[in-house]
Amino acid sequence: MMTETLAFTDGCLELIDQTRLPAELVIRRCQSVDETFDAIKRLVVRGAPAIGIAAAYGVLLARDPDGSVSRQSYYDAIDHLAKSRPTAVNLFWALDRMKAVIDSVPRDEPLAARLLREATAIHDEDRQMCRDIGRHGATLLANCHRVLTHCNAGGLATSMWGTALAPIYHLHAAGHAIEVFADETRPLLQGARLTAWELAEAGVPVTVLTDSMAGSLLKSGQIDAVIVGADRIAANGDAANKIGTYPLAVLARYHQIPFYVAAPSSTFDRHLADGALIPIEHRDRDEVARPYGVQLVPDAAKVINPAFDVTPADLITAIVTEKGIIAEPNQEKLASQLGW
Ligand code: MRU
1 MMTETLAFTD GCLELIDQTR LPAELVIRRC QSVDETFDAI KRLVVRGAPA
51 IGIAAAYGVL LARDPDGSVS RQSYYDAIDH LAKSRPTAVN LFWALDRMKA
101 VIDSVPRDEP LAARLLREAT AIHDEDRQMC RDIGRHGATL LANCHRVLTH
151 CNAGGLATSM WGTALAPIYH LHAAGHAIEV FADETRPLLQ GARLTAWELA
201 EAGVPVTVLT DSMAGSLLKS GQIDAVIVGA DRIAANGDAA NKIGTYPLAV
251 LARYHQIPFY VAAPSSTFDR HLADGALIPI EHRDRDEVAR PYGVQLVPDA
301 AKVINPAFDV TPADLITAIV TEKGIIAEPN QEKLASQLGW
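Residue numbers for the sequence shown follow the UniProt record's numbering, beginning at 1 and rising by one.
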């Protein structure tokens, strides 16, 4: 049984502190909206679905300055948490669901129990979506034994099991020989620190490579398929994911290796026509220039640090959702499968 990425216990949001892995498994407790905001912004909790679930629970921690809870304090919490990170649409999807509950409950009725029920539903639905993605994705990877992934789209990025890693867990549990090649994923090393950690914990063979090694591996026939997660997928199938995903998709196409994206329906943004409209988070220069306090870049040099890039739909062999597989995705196919 895997460790739960997050839980809401006794009025407190408990998170595996992903900034501390793999060195130590530490649970971080958030007791306020500000602590939840900070945890999302600093990537204590990260990965599109996990951010949405954490934010939903975070709304429950709203308090007025005098310690009481009002309808307005919940609305303020939603507005504040929505500013924590811009790219993963699951954050806004979850907060919109919490807001809809507040809007729908009559003013004289208590809200807390209704909001807890909604946040718990978001969490439970994510578990089911990950399981279903695993089941559908396993059919795509049924003849694959060596799969490459980027960043962490595993259990740590969701409630459990993940999106891109869910088919791998599914196949591994069924006795299918499968091993994972994990890009280290510069600059924050989610692949090296998190994907490698959770796969090793689950007993799935995993090999870490630096991002720049992926091309050679694909060229030499050592990889059967590439599978990644997504932070936001536009209406035409263009998919934003961790920086470095797009060049991997180009390499996969060049070497005629299937490139799969796995994501729940909560990751789709039907309101954005294409990927050029997806807001891309730019993070602090020190994540590149001074990782772990070690200066790698001279102060005089500029640094760019976009956290995500966008892979055009025509480089994606198929998108796997909890509802099934969308081969060669385009707007019509997405609308039809997702019921838009
Ligand atoms: O900056 P992060 O670590 O939150 O980025 C996460 C990713 O890019 C994941 O691949 C994506 O959220 C999918 S998680 C199932």
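Ideal Cβ positions, reconstructed from N, Cα and C, are used throughout, including at glycine.
Residues near residue i in its chain [Cβ-Cβ closer than 6 Å; skip 5 each side]
i, result
"E198", "G154, G155, L156"
"K99", "I78"
"R283", "N305, A307"
"N152", "Q190, L194, T195"
"G275", "A234, D238, V310"
"A50", "T5, A157, T158"
"D66", "none"
"A192", "E184, V208"
"S84", "F37, I40, K41"
Best match in the options for proximity to residue i [C-alpha to C-alpha]
i, options, result
"H170", "D132, V206, D238", "D132"
"I53", "R107, P65, D126, A62", "D126"
"F37", "L81, A301, A234", "L81"
"G134", "T321, L116, T207, D66", "T321"
"Q18", "R270, G237, Q190, L140", "Q190"
"V45", "I16, A62, I243, V147", "I16"
"C12", "R28, W161, L21", "R28"
"G47", "P187, E201, K242", "K242"
"E118", "V89, K83, W161, L60", "L60"
"L90", "H123, Q256, K323, R20", "In the sequence as displayed, the identity of residue 90 is Asn instead of Leu. The candidate whose alpha carbon is nearest that of N90 is H123."
"Q256", "L115, I40, L315, A113", "L315"
"A166", "V105, T210, S84, V261", "V261"
"W340", "G293, Q295, D269", "D269"
"P22", "C144, A200, G175, K219", "A200"
"A273", "D96, Q331, S216", "Q331"
"P258", "A56, A94, C144", "C144"
"D231", "E179, I102, L115, A164", "A164"
"S266", "D103, V105, C130", "C130"
"V101", "V204, A202, L43, R114", "R114"
"C30", "E24, R20, T9", "T9"
Residues of its chain near residue i, where Cβ-Cβ distance is below 8 Å and the 5 sequence neighbours each way are ignored
i, result
"I280", "P86, T87, A240, P306, A307, F308, D309, V310"
"R107", "R71"
"A301", "A289"
"Q128", "E322"
"A62", "V33, V69, S73, Y74, D76, A77"
"Q222", "R146, F181"
"L277", "A234"
"G324", "H136, Q337"
beta-carbon residue i near ligand 1 non-hydrogen atom, thresh 7 Å
i, result
"N152", "yes"
"P49", "yes"
"V310", "no"
"K242", "yes"
"A88", "yes"
"T163", "yes"
"L43", "yes"
"G229", "yes"
"R232", "no"
"Q337", "no"
"Q128", "no"
"T158", "yes"
"R46", "yes"
"A307", "yes"
"Q295", "no"
"Q72", "no"
"Q222", "no"
"Q190", "yes"
Beta-carbon contacts of residue i that lie in its chain and below 7 Å, excluding the five residues immediately before and after
i, result
"I326", "A318, I319, K333, L334, Q337"
"T245", "H150, V228, D309, T311"
"D64", "S70, S73"
"residue 341", "For the chain, the structure presents residues 1 to 340; residue 341 sits outside this window and is missing."
"R285", "V303, N305"
"A7", "E14"
Cross-strand partners of residue i (DSSP beta bridge)
i, result
"L156", "Looking at the DSSP assignment, L156 forms no beta bridge with any residue, so it has no partner."
"T311", "A239"
"F181", "L148, T207"
"A48", "In the DSSP output, where bridge partners are listed per residue, A48 has none listed."
"V320", "A262, I325"
"residue 348", "The question about residue 348 has no answer, for the chain in this structure spans 1 to 340."
"H282", "P306"
"I233", "A239, F268"
"L29", "Here residue 29 turns out to be Arg, not Leu, going by the sequence shown. DSSP output for R29 lists E14 as bridge partner(s)."
"I227", "Y260"
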